[in-house]
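Protein sequences appear in the order of chains F and S. When we follow this note's numbering, the leftmost residue of the first sequence carries the number 922, and every step to the right adds one. When we follow this note's numbering, the leftmost residue of the second sequence carries the number 90, and every step to the right adds one. See structure below.
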Amino acid sequence: MSWNEELDELARRKRLAEQMGGAEKVKRQHDNNKLTVRERIERLLDVGSFHEVGATAGATQYDADGKLIAYRPSNQVVGHGAIDGRPVAIAGDDFTVRGGASDARILEKSMYPEKLAHDLRIPLIRLVDGTGGGGSVKDLDKLGYTYVPRVPGWDIIAENLALVPVVGLALGSVAGLGAARVAASHYALMVRSVSQIFTAGPPVVAHIGEQVTKEELGGADIHARNGTVDDEVASEDEAFARTRRFLSYLPRNVFELPARTESKDDPKRRIEALLTTVPRDTRRVYAMRPIVEAVVDGGSFFEIGKLWGRSVVTGLARLDGWPVAVIASDPYHYGGAWTKPSCEKMTRLIDLAQIFHLPIVHLVDVPGFLIGVEAEQASTIRYGVRAMTAIEQSTVPWCTIIVRKCFGVAGAANRPHNRLSLRYAWPSGEWGSLPFAGGIEAAYKAEIEASPDPAAARERILAKLNAVASPIRTAEPFSIEEIIDPRDTRALLCDFIRLAADLREAGMSHFTVRP
Amino acid sequence: MKKLQTPITGTLRSFAVKPGDTITVGQEVAMVESMKMLIPVLADVDGRVTRLAKNPNDVVHEGETLAELE
């Protein structure tokens, strides 16, 4: 007596499942420059680590004798595996089965990876390719009634954002719920020219009079530049490599702390180039990224959101081996002024840092919020106060380096005010409620207008103000705690992380990510 | 046709290239003043400039074409 017959049947069904949508559909997937879901999982995870769950779930047909005559696997491959030896949950859409459409989806199975991540408290990676389980008009014919829409499992999807790292990869054309599953994540990517994201695709938007291609409607030129996804990548392999790297900075869940890795970079390393980085002419810009790359552990800066919200640079990095989040102004975009998208990008990173207990380093060169008609039309101040509130609500350790400008309400948000945090300024620092070149006319209006030579009066006032503008004077009333030699910036940041590492507290944040 | 667009709104102060010039990614092609700062516009594509689409002192808006390339 044995159970071999059943095991043989199980093995047969698993072999059928491994064929996915069949040779023709697999070829079409490859012809479209896309990997199959099984190839994706193999390339993403540590070799041999994938444990598939529910491989044989699918739609079946039996003959009168109860013999299986047709089998179509469900269009999701799910399970768990490992990345760098740490467990992750996988939700992989299979586009070769009914184009990822909802009629080939099994609801319980599609929710399984979300629950796996939620209850085992492990990171979740969604490989999204298709509509991802949203409804179809076709369903109505089968059901015989309409329904009030719901997103099954949205409760868990939202809860997961407060519990475990969630990565959403758009790996094809994703629409409707598929698009939502990409965006509802801590880190989202799309593959240039291969992925498109939209609420509804070209045939649907044609009904509102828009004749557009998939790429025109939801390609990387749109969604990697508006923040729907954090970044675009050139290939699926790059998406997998970035996913692995993103997760390397984070703990497995919020109940753990980010792990320190061994660093070969001297924490006291002096950076000679920083002495001459910032031009003395305040109208001239300089590149911020090389500064960030120089002060963190060599090669550890992982930029997030390079193509949107470009007046700030955000990302993850390490200081003496400790993972940190970095926010740095980019003078090449609006002089580093806070714009609506840059405020959204900062808020997103601060939320991430808060949830997963990453100390924040802020390199400041902020002339203020962006001004002008376009900035007002964009509701910059609404998104600005949102970012300021995220800063104020944060409880993770925080260190600010004022590199140059620090003006206005946005400048005041250079650090949270709810607690002491370390702050340093370079000698290039200049600050105030507003730059006095722009404020003189308003503040000294009467004096300038009453003068027989208004231009000379303005120059006289400017010279007087310039005389008090030295940051060294600001240190007299302790309005800035410390002016430092820029070359010591890395040493001071490593000192900060040494002091701050023990202040990180595991557990759920009192506020959570709003994707 | 490739286009060179300004990533920021501001006042175009000058071009650093002229029609016929070959440009490469990262090269400074124009100077736009914004937030009282002079901000270089760097090429994000390679190509040869065929036409300048704006004039110095024009107000340019984020995403607007400054020059056409081939």
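Think of the CB as a built atom: it goes at the ideal place given N, C-alpha and C, for glycine as much as any other residue.
Original post:
Should F1176/F be labelled buried (16 or more other beta-carbon atoms within 10 Å of its own) or exposed?
Top reply: In the first sequence, the residue the question calls residue 1176/F occupies position 255. Looking at its Cβ environment, which holds fewer than 16 other Cβ atoms inside 10 Å, F1176/F is exposed.
Original post:
Counting contacts by CB-CB distance shorter than 9 Å, is I1302/F in contact with chain S?
Top reply: As a working mapping, residue 1302/F is identified with position 381 in the first sequence. No, its Cβ sits nowhere closer than 9 Å to a Cβ of chain S.
Original post:
In chain order, what residues of the region 1207 to 1231 of chain F put their CB closer than 9 Å to some CB of chain S?
Top reply: R1231
**OP:** Flag E151/S as yes if its beta-carbon sits less than 9 Å from any beta-carbon of chain B, otherwise no.
**Re:** In the structure shown, chain B does not exist; the protein chains are F and S.
Original post:
Helix, strand or coil for T1290/F per DSSP?
Top reply: Position 369 of the first sequence, counted from the start, is the residue given in the question as residue 1290/F. For the record, residue 1290/F in the displayed sequence is Phe; it is not Thr. Of the three classes helix, strand and coil, the one that applies to F1290/F here is strand, per DSSP.
Original post:
Taking M1429/F as the reference, which of I1143/F, A1274/F, D1374/F, W1259/F has the closest Cα?
Top reply: Translated into the one-based positions of the first sequence, residue 1429/F becomes position 508. Out of I1143/F, A1274/F, D1374/F, W1259/F, A1274/F has the C-alpha closest to the C-alpha of M1429/F.
Original post:
Mind checking if T113/S is an interface residue toward chain F, Cβ cutoff 9 Å exclusive?
Top reply: Within the second sequence, numbered from 1, the residue matching residue 113/S stands at position 24. With 9 Å as the cut-off, T113/S does not count as an interface residue toward chain F.
**OP:** Note down the Cα distance separating R1205/F from Y1365/F, rounded to an integer number of angstroms.
**Re:** Position 284 of the first sequence holds residue 1205/F. Position 444 of the first sequence holds residue 1365/F. Between R1205/F and Y1365/F, the C-alpha separation is close to 27 Å.
Original post:
Which class does M126/S belong to by DSSP, given the choice of helix, strand or coil?
Top reply: Working through the second sequence from its first residue, we reach residue 126/S at position 37. Reduced to three states, the DSSP call for M126/S is strand.
Subject >> Local conformation of E973/F per DSSP, three classes >> reply: By one-based count along the first sequence, residue 973/F stands at place 52. Looking at E973/F - three-state DSSP - the assignment turns out to be strand.
Subject >> Cβ-based contacts, 7 Å cut-off: residues of the region 90 to 105 of chain S near chain F >> reply: P96, I97, T98
**OP:** State the beta-bridge partners of L1138/F as determined by DSSP.
**Re:** The residue given as residue 1138/F occupies position 217 in the first sequence. According to DSSP, which records beta bridges pairwise, L1138/F is partnered with nothing at all.
**OP:** Note the first and the last residue of the continuous alpha helix (DSSP H) segment covering Q1275/F.
**Re:** To locate residue 1275/F, count along the first sequence from 1; it is residue 354. Per DSSP, Q1275/F belongs to the alpha helix (DSSP H) from 1261 to 1277.
**OP:** Note down, in chain order, each residue of its chain lying with its Cβ closer than 7 Å to the Cβ of V974/F, except the 5 sequence neighbours on either side.
**Re:** Translated into positions along the first sequence, residue 974/F becomes position 53. Within the same chain, V974/F has close Cβ partners V999, G1000, Y1033.
Original post:
Is the shortest distance between the beta-carbon of E1380/F and the beta-carbons of chain S less than 9 Å?
Top reply: What you label residue 1380/F is simply residue 459 of the first sequence in a count that begins at 1. False, the Cβ-Cβ gap to chain S never drops below 9 Å.
Original post:
Do you know offhand how far I1143/F's Cα is from G1353/F's?
Top reply: Position 222 of the first sequence, counted from the first residue, corresponds to residue 1143/F. Position 432 of the first sequence, counted from the first residue, corresponds to residue 1353/F. Looking at the two C-alpha atoms, the distance is approximately 37 Å.
**OP:** Determine the direct distance from the alpha carbon of I97/S to that of D1241/F, and round the result to whole angstroms.
**Re:** Counted from its first residue, the first sequence places residue 1241/F at position 320. Counted from its first residue, the second sequence places residue 97/S at position 8. The straight-line gap from Cα to Cα measures roughly 36 Å.
**OP:** Following the continuous beta strand (DSSP E) through A875/F, name the residue where it begins and the one where it ends.
**Re:** Residue 875/F is absent from the structure shown; chain F starts at 922 and stops at 1436.
Subject >> S1031/F versus T1017/F, E1368/F, I1043/F, L1048/F, residue with shortest Cα-Cα distance >> reply: Along the first sequence, one-based indexing puts residue 1031/F at 110. S1031/F has its Cα closest to that of L1048/F, out of T1017/F, E1368/F, I1043/F, L1048/F.
**OP:** Compute the distance between the beta-carbons of G1230/F and V1213/F, then report whether it is under 9 Å.
**Re:** Translated into positions along the first sequence, residue 1230/F becomes position 309. Translated into positions along the first sequence, residue 1213/F becomes position 292. No, they are not a contact pair.
Original post:
With 9 Å set as the bound, which would you pick, yes or no: does the beta-carbon of P129/S sit closer than that to a beta-carbon of chain F?
Top reply: By one-based count along the second sequence, residue 129/S stands at place 40. Answer yes: the Cβ-Cβ gap between P129/S and chain F drops below 9 Å somewhere.
Original post:
When DSSP labels each residue in this structure, what does G1257/F get in the three-state scheme?
Top reply: Here the question's residue 1257/F lines up with position 336 in the first sequence. If DSSP states are grouped into helix, strand and coil, G1257/F belongs with the helices.
Subject >> Check whether S1250/F and L1291/F have beta carbons under 9 Å apart >> reply: For the purposes of this step, residue 1250/F is taken as residue 329 along the first sequence, with counting starting at 1. For the purposes of this step, residue 1291/F is taken as residue 370 along the first sequence, with counting starting at 1. No, they are not a contact pair.
Subject >> Simplified DSSP assignment, three categories, for V138/S >> reply: Position 49 of the second sequence holds residue 138/S. In this structure, V138/S counts as strand in the three-state DSSP scheme.
Subject >> Burial state of P145/S (16 or more Cβ within 10 Å) >> reply: If you number the second sequence from 1, residue 145/S lands on position 56. P145/S comes out exposed.
Original post:
From the beta carbon of T1203/F, is the nearest beta carbon of chain S less than 9 Å away?
Top reply: As a working mapping, residue 1203/F is identified with position 282 in the first sequence. Closer than 9 Å to some Cβ of chain S, the Cβ of T1203/F qualifies, so yes.
Subject >> K125/S at chain F interface by Cβ criterion, 9 Å >> reply: The count along the second sequence starts at 1 and reaches residue 125/S at position 36. Yes, contact with chain F.
Original post:
Helix or strand or just coil, what does DSSP make of I1411/F?
Top reply: Here residue 1411/F corresponds to residue number 490 of the first sequence, with the count starting at 1. Per the sequence presented here, residue 1411/F reads as Arg, with Ile not at that position. If DSSP states are grouped into helix, strand and coil, R1411/F belongs with the helices.
**OP:** Report the option in R1303/F, L1228/F, A1311/F, G1122/F whose CA atom is closest to the CA atom of E1137/F.
**Re:** Here the question's residue 1137/F lines up with position 216 in the first sequence. The candidate whose alpha carbon is nearest that of E1137/F is G1122/F.
Original post:
Of the choices A1109/F, L1178/F, G1139/F, I1129/F, whose alpha-carbon is the least far from that of R1165/F?
Top reply: Within the first sequence, the letter at position 244 stands for residue 1165/F. Measuring from the Cα of R1165/F, the nearest candidate turns out to be A1109/F.
**OP:** Locate the beta strand (DSSP E) running through G1353/F, then write down its first and last residues.
**Re:** Against the first sequence, residue 1353/F aligns to sequence position 432. Element bounds for G1353/F: 1351 to 1353.
Original post:
What separation, rounded to the nearest whole angstrom, lies between the Cα atoms of A1238/F and I1225/F?
Top reply: As a working note, residue 1238/F is residue 317 in the first sequence. As a working note, residue 1225/F is residue 304 in the first sequence. Rounded to the nearest angstrom, the two C-alpha atoms are 11 Å apart.
Subject >> Near-chain S residues of the region 1399 to 1430 of chain F - C-beta to any C-beta below 7 Å >> reply: none
**OP:** Could you tell me if P108/S is buried or exposed, where buried requires 16 or more neighbouring beta carbons within 10 angstroms of its beta carbon?
**Re:** Stepping through the second sequence from its first residue, residue 108/S is reached at position 19. Exposed, since its Cβ has fewer than 16 Cβ neighbours within 10 Å.
**OP:** Look at the Cβ atom of G979/F, then the Cβ atom of G1021/F, and state whether they are nearer than 9 Å.
**Re:** Position 58 of the first sequence holds residue 979/F. Position 100 of the first sequence holds residue 1021/F. In this structure, G1021/F does not lie closer than 9 Å to G979/F by Cβ.
**OP:** Pull up the DSSP beta-bridge partners for W1319/F, would you.
**Re:** Here residue 1319/F refers to the residue found at position 398 of the first sequence. Note: W1319/F sits in a beta bridge opposite I1281/F.
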